[in-house]
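First up is the structure itself, then whatever we jot down about it.
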Amino acid sequence: MAEDRRPWLGQALHVQSGVSTILVGSLSLAAMMGMTFGLGLQVAVLLAGLVLIGVPHGAFDHLVARPVLERRLGRSWSVIFVTAYLALAGLVLLAWMWVPQTTLVVFLAATVVHFGLGDAEDGLAPDGVPRLVVVLTYGMLPVLLPVAFHAADAAPVLAAMAKMPTDTLEPLLRATQWLVPVWLAAFIWVTRTRLREHRGVAERLTTAAGFLLLPPLLAFGLYFSIGHAMRHVLRLGAWHSPYSQATAFRWIGRVMVPACILCAFGLAGLALVEANVITGLLAPAFRIIAALTLPHMIVTSWLDPRGPGDRRI
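Under this note's numbering, the residues of the sequence shown are numbered 7 to 319, in order.
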């Protein structure tokens, strides 16, 4: 059978958006009707998302970097890449040890930028709004809403990461509520512009509802896995093979399966070190994610949608 020469990414992103909208929307509706979600379920969803796609979506970074670096550095590109990647991640881990509170602030700010850039690149940005506004609006959604409206739930994990008392951090998180009206005005602007362009807004609205109505660990786990990470993986698949979805998915599987296994063993190792879920598992896991985010952000900025062989440098 002849290969389908129609690009498949748009349809795949449409399916991803539909799955996210239905799942998060259904859980948000259940929360409105009084359903509660225990800590065990929240942690299970978060960890499953981290293992299956959240952390492994960064396993493609060396493949994205290769066409950029190999042309400039030759055969030594891989050694230089691995050394620089691990060095940047190591600096962040040292920062968590030396200045944890400052590192937490920087991590949250970097998360806003990274998530915002990712969502703005995935066909979610309207044409009539400045790109900076779109990036900050989308990026602040999964960061500002949980800390502003669920400070009591978010504070223990963030406090463990920053090595500070929960009672000290919680009021600081609540104080971010003054940013919500500014964010809401920008969100309405972006949403209304998308509607005028006859483009969907369901996923953004249900994502916002999820971060308002669901516990932050559950809402973040869903967004990070079936939202941010899934869109990134689909973009990578189209980058590798824009005209054959089957080829792209086989390539994705070859890269991600080993990464999933490694991530599962890593989380299991963390769980064995200390029994406390917050301080022994979640806080160290998020510190590691923060360390990997810095080099990951740099590499993803090199991603050219034309494909690995079409980069012009």
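No residue lacks a Cβ here, since even glycine has one placed at the ideal position from N, Cα and C.
Within its chain, find whatever has a CB closer than 6 Å to the CB of residue i; leave out the 5 residues flanking it on each side and keep chain order.
i, result
"M7", "Caution is warranted here: a pLDDT of 39 is assigned to M7, below 50, making its placement in the model unreliable, and the coordinate value is therefore given only provisionally. Result list for M7: empty, nothing under 6 Å."
"T109", "A101, W102"
"A339", "Past the boundaries of the shown model lies residue 339; the chain is included only from 7 to 319, so the question cannot be answered."
Looking at the secondary structure, which residues open and close the alpha helix (DSSP H) in which residue i lies?
i, result
"P152", "137 to 155"
"T27", "15 to 38"
"G5", "With the chain running from 7 to 319 in the structure shown, residue 5 is simply not present."
"H238", "236 to 246"
"I59", "No alpha helix (DSSP H) holds I59; DSSP gives it neither H nor E."
"I194", "186 to 202"
"P301", "289 to 306"
"P73", "67 to 79"
"R210", "208 to 219"
"P222", "222 to 228"
Cβ of residue i within 9 Å of Cβ of residue j?
i, j, result
"C266", "L52", "no"
"L223", "Q22", "no"
"L288", "A160", "no"
"H20", "M236", "no"
"A321", "L175", "Beyond the ends of the chain as shown, which are 7 and 319, falls residue 321; an answer cannot be given."
"G272", "F255", "no"
"V139", "A208", "no"
"L150", "T172", "no"
"T213", "V30", "yes"
"I304", "L99", "no"
"P264", "A65", "yes"
"A50", "P152", "no"
"R210", "R198", "no"
"S84", "H68", "yes"
"L45", "V283", "yes"
How is residue i classed by DSSP in three states: helix, strand or coil?
i, result
"A168", "helix"
"S250", "coil"
"M262", "helix"
"F336", "Any answer about residue 336 is impossible in this case: the structure gives the chain only from 7 up to 319."
"E280", "coil"
"R256", "helix"
"L3", "A query on residue 3 cannot be resolved here, the shown segment of the chain reaching from 7 to 319 and no further."
"P177", "helix"
"G134", "coil"
"P162", "helix"
"D316", "In this predicted model, D316 has a pLDDT of only 46, less than 50, meaning its place in the structure is not dependable; the value taken from the coordinates is given anyway. Residue state, collapsed to three classes: coil."
My understanding is that residue i touches residue j, with C-beta atoms under 8 Å, so please give their C-beta distance in whole angstroms.
i, j, result
"L142", "V163", "Not a contact, Cβ separation roughly 23 Å."
"F87", "L75", "6 Å"
"S32", "G216", "Actually they do not touch by this definition, with Cβ atoms about 10 Å apart."
"P13", "P314", "No, P13 and P314 are not in contact; Cβ-Cβ is about 16 Å, not under 8 Å."
"V188", "V135", "Actually they are not in contact, since the Cβ atoms of V188 and V135 sit about 15 Å apart, beyond 8 Å."
"L298", "A93", "Not really, about 13 Å apart at Cβ, beyond 8 Å."
"P301", "Y91", "5 Å"
"V186", "A154", "6 Å"
Residues in its own chain within less than 7 Å of residue i by CB, not counting five upstream and five downstream?
i, result
"D133", "E203"
"F113", "A296"
"F121", "Y144, G145, P148, H234"
"F230", "G55, G60"
"L79", "I86"
"S247", "T253, A254, W257"
"L219", "S34, A37, M38"
"G124", "H234, R237, H238"
"M170", "Q107"
"L190", "none"
The ligand SAM heavy atoms versus the CB of residue i: any closer than 8 Å?
i, result
"I86", "No copy of the ligand SAM appears in this structure; indeed no ligand is present at all."
Looking only at its chain, what residues have a beta carbon closer than 8 Å to the beta carbon of residue i, apart from the 5 residues adjacent to it on each side?
i, result
"V25", "I232"
"L309", "V70, R241, L242, W245"
"G286", "L276, A277, V279, E280"
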